[in-house]
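Have a look at the structure below before the remarks.
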Amino acid sequence: MDFSISMALVDYIPVIFFGISAVILLRDLYNKMSKGAFALFSAGVINITLAGALKATWKLLYATGACDFEALNHMFFPVQSIGFLLAGIGILAMLCCKQTEKPAMLAVVPPVFSGTFVFVGLMVAGLGLIDTVLCILSCKLKKPWLIALFVISFVCSLCMGYLSSKDFAEASMNWIAEGVNVIGQGTLLAGVMQLHRNGLADLKLKSGETA
1042 MDFSISMALV
1052 DYIPVIFFGI
1062 SAVILLRDLY
1072 NKMSKGAFAL
1082 FSAGVINITL
1092 AGALKATWKL
1102 LYATGACDFE
1112 ALNHMFFPVQ
1122 SIGFLLAGIG
1132 ILAMLCCKQT
1142 EKPAMLAVVP
1152 PVFSGTFVFV
1162 GLMVAGLGLI
1172 DTVLCILSCK
1182 LKKPWLIALF
1192 VISFVCSLCM
1202 GYLSSKDFAE
1212 ASMNWIAEGV
1222 NVIGQGTLLA
1232 GVMQLHRNGL
1242 ADLKLKSGET
1252 A
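Here our numbering is used: the first residue of the sequence shown is 1042, the next is one more, and so on.
Okay, structure coming up:
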């Protein structure tokens, strides 16, 4: 792996961007969600943030020569993709209903599966739900131009899914992926901050309000 310390440090930037976006949304949407929806959404964004932070930490440890902490790298896709799915379901439930579904039990399947496309699919699906709801909230706040920011964020996430299938042993691929990720999470943060400034916390949602 061709990692540099500067590359590893840059990897923390999209994590910080997403973390800030998550905190703003958690504060602004708290009074609009049922306990179940808020639990799903908060658990999801925590998983996403931690997965990104641990992956960046793995790169930093590798780049400094401290150690190759493989577990931090291997857990990234499962933890983050499940986080996106939970967050997406939670924020969608805010608009649609007050009910939350219990997670289904996963069947134990003997064959070994090592592919990542399932996790990429879950990640894209979850982020797609999040961005779709944020676009709807943008229209409710009469700021439809914010949709462009969330679309850019989602497109960058699709690009990250594509890039995940490439060889990350080369430094160039890591820099490209980190650049795309910074843009994606940066536009998400910019859109969320604009929603916050334009009254997201005070927006009334008929189907999402709790008693």
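From the three backbone atoms N, C-alpha and C, an ideal C-beta is built for every residue, glycine too.
In the DSSP assignment, find the unbroken alpha helix (DSSP H) run with residue i in it and report its ends.
| i | result |
| --- | --- |
| Ala1107 | Looking at the DSSP string, Ala1107 is not in any alpha helix (DSSP H), and its letter there is neither H nor E. |
| Leu1213 | Note that residue 1213 is Ser in the sequence shown here, rather than Leu. From DSSP, the alpha helix (DSSP H) with Ser1213 extends over Ala1212 to Arg1238. |
| Tyr1071 | It is not in any alpha helix (DSSP H) - Tyr1071 carries neither H nor E in the DSSP assignment. |
| Met1135 | Phe1117 to Cys1137 |
How about residue i and residue j: do their beta carbons lie closer than 9 Å?
| i | j | result |
| --- | --- | --- |
| Ile1132 | Leu1070 | yes |
| Val1192 | Phe1058 | no |
| Gly1167 | Gly1085 | yes |
| Ser1075 | Met1116 | no |
| Met1048 | Ala1242 | no |
Can you tell me whether DSSP reads residue i as helix, strand or coil?
| i | result |
| --- | --- |
| Ser1045 | coil |
| Asp1243 | helix |
| Leu1190 | helix |
| Asp1052 | coil |
| Glu1142 | Note on Glu1142: pLDDT 41, under 50, position unreliable in the model; the coordinate value appears next. Coil, per DSSP. |
Should residue i go down as buried or exposed, given a rule of 16 or more other Cβ atoms within 10 Å for buried?
| i | result |
| --- | --- |
| Glu1111 | exposed |
| Val1064 | exposed |
| Lys1100 | buried |
| Lys1245 | exposed |
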